[in-house]
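Trainee:
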Amino acid sequence: MRFRLTPRETNFYDLFATAADNILSGSKLLQELLGADSEGRAELADRMRAAEHAGDDTTHAIFHELNSTFVTPFDREDIYRLASCLDDIMDFMEEAVDLVVLYRVEELPQGVEQQIEVICRAAELTAEAMPQLRTMENLTEYWIEVNRLENQADRVHRKLLAHLFDGSYDAIEVMKLKQIVDVLEEAADAFERVANTVESIAVKES
Amino acid sequence: MRFRLTPRETNFYDLFATAADNILSGSKLLQELLGADSEGRAELADRMRAAEHAGDDTTHAIFHELNSTFVTPFDREDIYRLASCLDDIMDFMEEAVDLVVLYRVEELPQGVEQQIEVICRAAELTAEAMPQLRTMENLTEYWIEVNRLENQADRVHRKLLAHLFDGSYDAIEVMKLKQIVDVLEEAADAFERVANTVESIAVKES
Amino acid sequence: MRFRLTPRETNFYDLFATAADNILSGSKLLQELLGADSEGRAELADRMRAAEHAGDDTTHAIFHELNSTFVTPFDREDIYRLASCLDDIMDFMEEAVDLVVLYRVEELPQGVEQQIEVICRAAELTAEAMPQLRTMENLTEYWIEVNRLENQADRVHRKLLAHLFDGSYDAIEVMKLKQIVDVLEEAADAFERVANTVESIAVKES
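One line per chain: the protein sequences are A, B and C, in this order.
No gaps in the numbering here: position 101 of the first sequence is 101 in full-length UniProt numbering, and each next residue is one more.
No gaps in the numbering here: position 156 of the second sequence is 156 in full-length UniProt numbering, and each next residue is one more.
No gaps in the numbering here: position 42 of the third sequence is 42 in full-length UniProt numbering, and each next residue is one more.
1. Nearest by alpha-carbon distance to R187 (chain A): which of A:N11, A:L30, A:Y103 and A:A162 is it?
2. Counting only runs of 4+ residues fully inside the segment 115–170 of chain A, write out the alpha helix (DSSP H) ranges in chain order.
3. For a quick check, are the C-beta atoms of Q115 (chain A) and H157 (chain A) less than 9 Å apart?
4. Would S25 (chain A) pass as an interface residue toward chain C - the criterion being a Cβ-Cβ separation below 9 Å?
5. Shorter than 9 Å from the beta carbon of D63 (chain B) to some beta carbon of chain A?
6. Quick one: using the 10 Å Cβ neighbour count with 16 as the cut-off for buried, is F70 (chain C) buried or exposed?
7. The segment 140–164 of chain B: which residues have C-beta closer than 7 Å to a C-beta of chain A, in chain order?
8. Please say whether G55 (chain B) and A123 (chain B) have beta carbons closer to each other than 9 Å?
9. Note down, in chain order, each residue of its chain lying with its Cβ closer than 7 Å to the Cβ of A17 (chain A), except the 5 sequence neighbours on either side.
10. Nearest by alpha-carbon distance to D21 (chain C): which of C:A162, C:A45, C:E52 and C:L149 is it?
11. What number of angstroms, rounded off, separates the C-alpha of Y13 (chain A) from the C-alpha of K204 (chain A)?
12. For T126 (chain A) versus F191 (chain A), is the C-beta distance shorter than 9 Å?
13. Roughly how many angstroms separate the alpha carbons of R4 (chain A) and E185 (chain C), rounded to a whole number?
14. Looking only at C-alpha atoms, which of C:V194, C:I180 and C:T140 sits nearest to Y150 (chain C)?
15. Would you kindly work out how many angstroms separate the C-alpha atoms of D98 (chain C) and R121 (chain B), rounded to a whole number?
16. Just to confirm, is the Cβ distance from E199 (chain C) to L139 (chain C) under 9 Å?
17. Along the chain, where does the alpha helix (DSSP H) containing V101 (chain C) start, and where does it finish?
18. Got a sec: which bits of the segment 168–194 of chain C sit with their beta carbon under 7 Å from any beta carbon on chain B, in order along the chain?
19. Would you kindly report the start and end of the unbroken alpha helix (DSSP H) that includes D57 (chain C)?
20. Given this structure, state the Cα-to-Cα distance separating R49 (chain C) from V183 (chain C), to the nearest angstrom.
21. Give the DSSP-derived three-state secondary structure of Q110 (chain B) in the structure shown.
22. Assign V71 (chain B) to one of three DSSP states: helix, strand, or coil.
23. So what's S27 (chain B) in DSSP terms, helix, strand or just coil?
24. Chain C beta carbons: is any one of them nearer than 9 Å to that of S84 (chain B)?
25. When we look at the beta-carbon of L15 (chain A) and count the other beta-carbons within 10 Å, is it buried (16 or more) or exposed?
26. How about L177 (chain A) and Y169 (chain A): do their beta carbons lie closer than 9 Å?
27. Closest Cβ-Cβ distance between K28 (chain A) and chain B: below 9 Å?
28. Pull out every residue of the segment 86–112 of chain A whose Cβ sits closer than 9 Å to any Cβ of chain C, in chain order.
29. With C-beta atoms as the reference, is E24 (chain C) less than 9 Å away from V112 (chain C)?
30. Tell me which residues share the same chain as C85 (chain A) and place their Cβ nearer than 7 Å to its Cβ, disregarding the 5 neighbours each side in the sequence.
31. Quick one: grab the DSSP three-state call for S206 (chain A).
32. Please go through the same chain and pick out, in chain order, the residues whose beta-carbon is closer than 8 Å to the beta-carbon of T59 (chain A), but skip the five residues on each side of it.
33. Counting only beta-carbon separations shorter than 9 Å, does E77 (chain A) have a partner in chain C?
34. Mind listing the chain A neighbours of N11 (chain B)? Cutoff is C-beta to C-beta under 7 Å, in chain order.
35. Run down chain A in chain order and give the residues with a C-beta less than 9 Å from the C-beta of S200 (chain C).
Structure (structure tokens):
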């Protein structure tokens, strides 16, 4: 494994850690959204857009590294999948904030707060896990917990859908809110895909 | 080709057959849905959820096998794709039943019955085809027929969309029913992706 | 690199060029849609369907070539990705025209015209770029410009969404139009994925 510790490969680990830290910051902006007024929301959307662009740069750096490196720390397909899924998370979080502003949503339905809590927790776990890729240690709890969180997100999402269609909202409002809660659910799913990719990397290493 | 017959690789064939059999059972639950009352539907949703979890276990077993096996019977990417598409089918079927219950749908629009018929037929063909992967025999009719079925599903789906928007339903109802018929169409598409993956495996073998 | 110039590999270049030319023709049908009356639209939908089937044949030929060729001009995964993304573009363009006819849309909202302009421009650039894969020359401007176009498409799409939900349309109409503008946005995204795949191929070649 010693040959792993060449600068080039270290690079991959650093880039995955950067991507995860950026997602963590994004998840905190998502949380701020809940308390924000329309002015605050617009400002949050700008910061979220900046975070998403930073994420794109990291993703691009990983792909460039991948395409120009002969020896990679793990399978090229896994690196590709991991970078893509991390990029997806950032995109979904940014889209959620963007839609809230774009659709001038007055009030988010009960349950969105729990969706965001789950995303924040998954973001913390992912940010802690990425640096562990170097040693492949203590990753089991990470993916078990992220899978548990995704199931929880799923239940919250289903409750939200049932609520949106129970007659409390008019059709146009349902469309707006459904798109927002769906994209938050997609973010939670993407965290699980990241965890599953990490698991498959770990299995190959073992 | 003799080296193919090691226990480890036999394992892949068995796991793909198990996944397809599970999908076949799921498709029958989907058919039962049509005649069921609201109580029966809830009970079907539970059995469908159990079938979907069984499917997840098989998918996970295939990935674990893939990640821990050096020599695989066919390209790793094809095995990955095949397992993922089979998993998608189960997810979409489960989602359809789940949405019918979640949205308390009174009556499914005409055409859903045909969608489900196509899915059941594709499930039978897929369950018959998976064991053939061992010998790669008689697979041509399978993927030709599944592609034909998918085109048929497509026409049924388009008719359903036109009907949903022809003014027979209010907007909220359209949203609910559209999500259900769309997810059933996604299931039909996934069967075609399975068939196309099998075809690409066969081409490489030939 | 000399070994690259075998007939078999030339084949890939020709097939990618054919796929891109077909997309270019499709994009022109998309533009014709704007001025067409309901009769003209139905006829355009037929021609679009024919173009999409031609696209499917090319995609199938690429996959068959990929599966039966030992030495490929670039990574198999990249060839697979490139062919799939080109196929997606055609599918999305066909779906857009199909939905306009299927939903009997009277008038397309302002902004769709710009979406289609961007798609037509991206189609031209892609058709010019594919033949360059042989020499890998002058591709940088291509992917920079396609990425710029996708960002422009994004802004147009967001404006369209805001407009659709500003109260100018009833809920059913919003659903119909949203699906159409969303699928056009997906086409624009797919052009970007093609460009990104070309970039990753170029990086590996360099």
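Beta carbons: idealized from backbone N, C-alpha and C, even for Gly.
Mentor: Looking at the coordinates:
1. According to the sequence provided, residue 187 (chain A) is Ala. The question's Arg does not apply to it. Selected option, being the one with the closest Cα: A:L30.
2. For the segment 115–170 of chain A, whole alpha helix (DSSP H) runs of length 4 or above, ordered along the chain, are 140–164.
3. Against a cut-off of 9 Å, the Cβ pair of H157 (chain A) and Q115 (chain A) comes out as a contact.
4. Judged by the 9 Å Cβ criterion, S25 (chain A) is not in contact with chain C.
5. A small correction: the amino acid at residue 63 (chain B) is Phe; Asp does not occupy that position in the sequence shown. Closer than 9 Å: yes.
6. Exposed.
7. So the list is empty, because no residue satisfies the distance condition.
8. Not a contact, by the Cβ cut-off of 9 Å.
9. M130 and P131.
10. Comparing Cα-Cα distances from D21 (chain C) to each of C:A162, C:A45, C:E52 and C:L149, the minimum goes to C:E52.
11. C-alpha separation (whole angstroms): 17 Å.
12. It is a contact, given that the beta carbons lie within the stated cut-off.
13. Note that R4 (chain A) scores 42 on pLDDT, short of 50, meaning its location in the model is unreliable; the coordinates nonetheless yield the value given after this. Rounded to whole angstroms, R4 (chain A) and E185 (chain C) show a C-alpha spacing of 42 Å.
14. Looking at the sequence shown, residue 150 (chain C) is not Tyr but Glu. Nearest to E150 (chain C) by alpha-carbon distance, out of C:V194, C:I180 and C:T140, is C:V194.
15. Looking at the backbone, the Cα of D98 (chain C) and that of R121 (chain B) are separated by about 27 Å.
16. Contact flag set, yes.
17. Counting along the chain, the alpha helix (DSSP H) containing V101 (chain C) begins and ends at R76 to L102.
18. If the cut-off is 7 Å between Cβ atoms, the segment 168–194 of chain C has A171, I172, M175 and K176 near chain B.
19. Start and end: S38 to S68.
20. Near 16 Å, if we compare the C-alpha coordinates of V183 (chain C) and R49 (chain C).
21. In the structure shown, Q110 (chain B) sits in coil (DSSP, three-state: anything other than H, G, I, E or B).
22. In the structure shown, V71 (chain B) sits in coil (DSSP, three-state: anything other than H, G, I, E or B).
23. The DSSP-derived three-state label of S27 (chain B) is helix.
24. Output row for S84 (chain B): interface = no.
25. Buried: at least 16 other Cβ atoms inside 10 Å.
26. With respect to the 9 Å criterion, L177 (chain A) and Y169 (chain A) are classified as neighbours on the basis of their beta carbons.
27. So no, K28 (chain A) is outside the interface.
28. From the segment 86–112 of chain A, only D98, L99, L102, Y103 and R104 have a Cβ closer than 9 Å to chain C.
29. The amino acid occupying residue 24 (chain C) in the given sequence is Leu; Glu does not appear at that position. Contact flag unset, no.
30. Cβ contact annotation for C85 (chain A) (same chain, cutoff 7 Å, sequence separation greater than five): A190, R193, V194 and T197, in chain order.
31. Three-state DSSP puts S206 (chain A) in coil, outside helix and strand.
32. Correct list, in chain order: A19, A83, S84, L86 and D87.
33. Yes, contact with chain C.
34. Within 7 Å Cβ-Cβ: nothing; N11 (chain B) doesn't reach chain A, min ~15 Å.
35. Close to S200 (chain C), with beta-carbon spacing below 9 Å, are these residues of chain A in chain order: F63, H64, L66 and N67.
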